[in-house]
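The structure appears right after this line, and notes come after that.
There are 2 protein chains.
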Amino acid sequence: MSEFIPPATRFIDLPAAFPIKRGGVLHGARIAYESWGKPQDTHDNTILIVTGLSPSAHAASHDGDPTPGWWEEMLGPGKPIDTDLWHVICVNSLGSCNGSTGPASIDPATGCPYRLEFPELSIEDIADAAAFTVRALGIDRLACVIGNSMGGMTALSLLARHPGLASSHISISSAVHALPFSIAVRSLQREAIRLDPHWNGGHYDHARYPESGMMTARKLGVISYRSALEWDGRFGRLRLDAAQRGQDDSFGREFEIESYLESHARRFVRSFDPNCYLYLSRCMDWFDLGDAYGCSADQALARLSLDRALVLGVSSDVLFPLNQQRQIAVGLRAGGVDAKFLPLESPQGHDAFLVDTDRFGPAVAGFLADLRQHGMAGWSPLSRMKAIQPAHRRSGAACIQ
Amino acid sequence: MSEFIPPATRFIDLPAAFPIKRGGVLHGARIAYESWGKPQDTHDNTILIVTGLSPSAHAASHDGDPTPGWWEEMLGPGKPIDTDLWHVICVNSLGSCNGSTGPASIDPATGCPYRLEFPELSIEDIADAAAFTVRALGIDRLACVIGNSMGGMTALSLLARHPGLASSHISISSAVHALPFSIAVRSLQREAIRLDPHWNGGHYDHARYPESGMMTARKLGVISYRSALEWDGRFGRLRLDAAQRGQDDSFGREFEIESYLESHARRFVRSFDPNCYLYLSRCMDWFDLGDAYGCSADQALARLSLDRALVLGVSSDVLFPLNQQRQIAVGLRAGGVDAKFLPLESPQGHDAFLVDTDRFGPAVAGFLADLRQHGMAGWSPLSRMKAIQPAHRRSGAACIQ
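Protein chains in written order, with our numbering: chain A, 3 to 403; chain B, 3 to 403.
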């Protein structure tokens, strides 16, 4: 699966035996990462980015890899996340197929790919692996952890399980847990992959790859990532000309929107491992921030040790609807965090953070500028107090519902 | 496919050679219908109901078939559509599999099912067949035509192609044409069916039925028919117990919402013919009311011959969003129709008209009461003037864009 790894990606070896939350241990696992900018002598200018389901660690171009990254407009010298000022690390999630160890990686015990023998992965494991990576790079304190979509769940989990590691947080189009609509969409995506005969219980190869299942899963993803409103203006009822139509049968593509779905899915399917997709998708359904403390997600938010947070969401997002971002901000504020909630009117739905730099750029840049001005003089008394003990080692008795 | 036909359904034979809009002719076709109440001597109390994609003509119980129909709470003695007062006819759409001729019917020319040899069906054909059925039952004027979802498209097409047949209209959760989001959803549903190896280019049978494709299509349908808000309250993050979980593999069902989708889809798949599903689904993507007059859909609305209309929609509908119902009302008003737009706050999404009788009942009952009081004294000058010539025989030159 090495073709999925961007060329300048680097690696950190996880501990020889890396424990997995739901049981099992990974041996010889690694995390892929890329970085931009330089750490200051004061060790207080590092930002960690944790990603959504599919992105690699190549968030933006740099000297080692000039190809555009998935957040190219947001990250770089003079950009909203200004790498002339900040030292930025982006990690590829544990369980992914872009360099970090996952179901497509070779199991050292057998010499064969893990496939479904990979342990049951949780967001908490992804968070622990990201935290380990940061520390292995000599960083014991992050100025900020930024998480988009699934990455927002990873970031919340990291804050709960590694108090003291980050003093601020930008949460983008994420949630404390999944609600039924998004569970339904992801369940159907996973089912489409599993129904493809080529999936074969996880035992596919490049010659027999579950392409149609992955195409369906990705098309359903695109439908849920964007918004109807955007498509009305962009595609309307535009038809394809005869040459563009599918030749398979009389029910083939006729509308521009169908071609758009097809080309989006086509670009994705062979660049992502289906078993990795299943594992990471399931992580999102399982995650509930409340699990960290044995209490409700709202109560858990109030226990996170942070000084400042910016919570961004988009009104047209159907997968992680805006009230889930409001919930994060309100919950953090209840715990005394200076949390700003900024709902954006992007028409691009859940994917807006990838494309609507006009709205996301100034919001992120403003928060980071403020952080440089006021927030980098060390820990506030509040976050220091909360950071005494990590969430997963605390007794949850006080707040079990 | 006779098992799909409710026991008391009756039939009207279409003309020996029934022309199809996109080409071809159906021989020996028929339309299934059911009726409630009695026509008055004045011949002005008949209501026609045209349906969404899947319902049969059995909209409600009656002496011939006491089983509940798909609109049981709305239709019957003393109900919002009061069959003590109104004579109601519900037709099964041409192209369906609940008694009307469709792709699952026997082609008299070959003695075998049509399957994909069925002519390319349009909403206009469904409307023409419904209009023929009404007239064959001795009704030359309808007090009202009611259409839900796809049926709303059928009703608009009937009004355009058969001016003079109906003097009022209730449009429920429908549209003048499909927009990209709903086209995308339906395209993916059709693709899921066609990808199932059992579909086999339309040549399946009961032993090899494309069940998994139909399951995926129906689950995606249910996701788009309901609303996230309803599900948040109803299912939240409730888990299934071990006995309820799927036994197929470790990615099987875990959440209540997944079980809900599964049971909904399970009830549907063997009760509906997959080829009929493909044909009717495609009809909705193709339909554009503007085609009736060779002009825009808005201009077409203004040319419909009607006295009164009620346009209902639901704020949580993502498949036929509320602005599409607003468009219908505004367009009708531009043509001088007394059209009322009533947006409803149902949380149940597109399907609300099937379940939210508390909101839909009074709205429909109020419109019909008003119709009895004021609107049944014959045609207004406006609708008489517009009804001179049917839309498809008119020159569209005056309003081609």
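Positions of the beta carbon are idealized from the N, C-alpha and C atoms, including for glycine.
Which whole-angstrom value is the C-beta distance of residue i and residue j, which I expect to be below 8 Å?
i: A61/B; j: L77/B; result: 5 Å
i: S95/B; j: I128/B; result: 5 Å
i: G351/A; j: D319/A; result: 5 Å
i: I125/B; j: C285/B; result: 5 Å
i: L118/B; j: G203/B; result: 7 Å
i: V271/B; j: M217/B; result: 6 Å
i: G140/B; j: F120/B; result: That belief does not hold up - the Cβ atoms of G140/B and F120/B are roughly 29 Å apart, past 8 Å.
Cα-Cα, which of the options is closest to residue i?
i: D15/B; options: D130/B, P8/B and R24/B; result: D130/B
i: I7/B; options: G296/B, S56/B and P21/B; result: S56/B
i: C92/B; options: G54/B, P115/B and P110/B; result: G54/B
i: I195/A; options: V147/A, G215/A, V224/A and Y279/A; result: G215/A
i: Y279/B; options: S175/B, R143/B and S189/B; result: S189/B
i: D290/B; options: F274/B, E260/B, Q326/B and V271/B; result: Q326/B
i: P21/B; options: E75/B, F134/B and G39/B; result: F134/B
i: R163/B; options: A138/B, R192/B and A132/B; result: A132/B
i: L308/A; options: V316/A, R335/A and A294/A; result: R335/A
i: V313/B; options: P68/B, W288/B, V339/B and F257/B; result: V339/B
i: S261/A; options: P68/A, D43/A and L240/A; result: L240/A
i: F274/B; options: E74/B, E232/B and A106/B; result: A106/B
i: W288/B; options: W73/B, H179/B and R137/B; result: H179/B
i: Q246/B; options: G149/B, F257/B and G238/B; result: F257/B
i: P165/A; options: A331/A, S252/A, D142/A and T69/A; result: D142/A
i: W73/A; options: N150/A, L356/A, R137/A and D43/A; result: L356/A
i: R269/B; options: F237/B, A219/B, W233/B and A244/B; result: A219/B
What residues in its chain sit with their C-beta under 6 Å from that of residue i, if we drop five residues either side in the sequence?
i: V187/A; result: S226
i: S184/B; result: L321
i: A230/B; result: none
i: D358/A; result: S348 and Q350
i: A354/A; result: V316 and S348
i: A311/B; result: H171, L334, V339 and A341
i: S37/B; result: I91
i: D198/A; result: P212, S214 and G215
i: H75/A; result: The residue you asked about is not His; residue 75/A is Glu in the sequence shown. The answer, listed in chain order, is T359.
i: H64/A; result: W38
Once the 5 residues before and after residue i are set aside, which same chain residues still bring their CB inside 7 Å of it?
i: G337/A; result: L303, A304, R305 and L306
i: Q403/B; result: Bear in mind that a pLDDT of 28 at Q403/B, under 50, signals an unreliable position, so the model cannot answer this.
i: G66/B; result: A10
i: A145/A; result: D46, N47, T48, I49, S169, S170, L373 and M378
i: R328/A; result: F343
i: K40/B; result: H89
i: P110/B; result: H29 and G30
Would you list the one or two residues that DSSP bridges to residue i?
i: G315/A; result: P345/A
i: N150/A; result: I174/A
i: E36/A; result: C92/A
i: P115/A; result: I108/A
i: V52/B; result: V93/B and G149/B
i: A19/B; result: H29/B
i: G71/A; result: Answer is none; G71/A lacks a bridge partner.
i: F183/B; result: Its beta-bridge partners do not exist; DSSP assigns none.
i: R310/A; result: S170/A and D340/A
i: F270/A; result: DSSP lists no partner for F270/A.
Return yes when the Cβ of residue j is within less than 7 Å of the Cβ of residue i, no when it is not.
i: L282/B; j: G97/B; result: yes
i: V1/B; j: A157/B; result: Residue numbering for chain B in the displayed model covers 3 to 403; residue 1/B lies beyond these limits and cannot be assessed.
i: P82/B; j: G254/B; result: no
i: L324/A; j: P349/A; result: no
i: V224/B; j: L263/B; result: yes
i: P276/A; j: P212/A; result: yes
i: M155/A; j: S175/A; result: no
i: I259/B; j: P182/A; result: yes
i: E122/B; j: R24/B; result: yes
i: A294/B; j: K221/B; result: no
For residue i, which residues of its own chain have a beta-carbon under 8 Å away from its beta-carbon, when the five flanking residues on both sides are left out?
i: F13/B; result: R32, I33, A34, Y35 and G101
i: A18/A; result: H29 and G30
i: D86/A; result: G39, P79 and G80
Is the beta carbon of residue i within less than 6 Å of some heavy atom of the ligand HEM?
i: L373/A; result: The ligand HEM is absent from the structure shown, which contains no ligand whatsoever.
- Proximal residues, the region 217-231 of chain A versus chain E, C-beta separation under 7 Å: Absent from the structure is chain E; the protein chains it does hold are A and B.
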